[in-house]
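Worksheet: one structure, shown below.
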Amino acid sequence: MKKLFFLSILLKLSLTSCQETKHDKSIINSFIQEMVLNEDACLNYSEFSSYLEINQDIVIDAEKKKNMIGLIQQHIVGLKMTLYENEDFQLVRNSDLEDLELKLNFAHTDYAKVYHLVSNNEILTTFVMGDSKIISFFYTFRKKESQPLRPWLLN
1 MKKLFFLSIL LKLSLTSCQE TKHDKSIINS FIQEMVLNED ACLNYSEFSS YLEINQDIVI
61 DAEKKKNMIG LIQQHIVGLK MTLYENEDFQ LVRNSDLEDL ELKLNFAHTD YAKVYHLVSN
121 NEILTTFVMG DSKIISFFYT FRKKESQPLR PWLLN
């Protein structure tokens with residue numbers, strides 16, 4: 001009876017994780033389709049706020065909001081230019097990078113919610129998901145090449 005109970009718990013956790021991954025990938029793919037690949041996308045706060053979880057302290061401060069919007073726009077444009085040349089991409093969970101024989105020196109606390117945008121066998125950027133929105137899709141600055149990449153957390 002105990003084995004059956006533990007087996008049912010494992011099955012439920014496995015199904016929940018799979019559904020969560022599909023939901024996360026769906027949000028990231030929508031962001032890429034609507035904000036990055038869509039030539040008519042307006043790269044303003046009202047457009048991307050439905051995909052990105054931005055810290056409210058930044059949103060209410062006009063100067064910080066302006067700077068954050070500029071940073072987000074810069075990274076979206078960079079992805080546009082990269083994916084314009086090759087729209088063939090895939091989202092890969094952090095745990096699946098080894099299957100593609102890709103390595104990335106990336107540091108984060110919750111790797112279960114980390115997805116990498118891969119094109120031409122190269123990691124273009126990394127997405128970190130919150131509960132229902134993207135909390136990062138670009139890296140912080142590093143002083144040395146040997147330091148790990150860290151997500152620039154928007155929240």
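Residue numbers for the sequence shown follow this note's numbering, so the first one is 1 and each next one is one higher. Virtual Cβ for every residue (Gly too), placed ideally from N, Cα, C.
Non-local C-beta neighbours of residue 83 in its own chain, meaning closer than 8 Å and more than five positions away in sequence, comprise 32, 36, 37, 89, 119, 124, ordered along the chain.
Of all alpha-carbon atoms in 59, 80, 130, the one lying nearest the alpha-carbon of residue 117 is that of 80. Non-local beta-carbon contacts of residue 100 in its own chain, meaning distances under 8 Å to residues more than five positions away in sequence, involve 92, 118, 121 in chain order. DSSP places residue 129 in the uninterrupted beta strand (DSSP E) bounded by 122-129. Taken atom to atom, the span from the alpha-carbon of residue 146 to that of residue 106 is near 11 Å. As a beta-bridge residue in DSSP terms, residue 93 pairs with 115. For residue 136, the enclosing beta strand (DSSP E) has its first and last residue at 134-136. Taking the C-beta atoms as reference points, residue 69 is found nearer than 8 Å to residue 45. No Cβ-Cβ contact shorter than 8 Å links residue 132 with residue 154. Of the residues assessed, residue 60 falls on the exposed side of the cut-off, its CB having fewer than 16 other CB atoms within 10 angstroms.
Distance from the Cα of residue 110 is smallest, within the candidate group 98, 94, 141, for 94.
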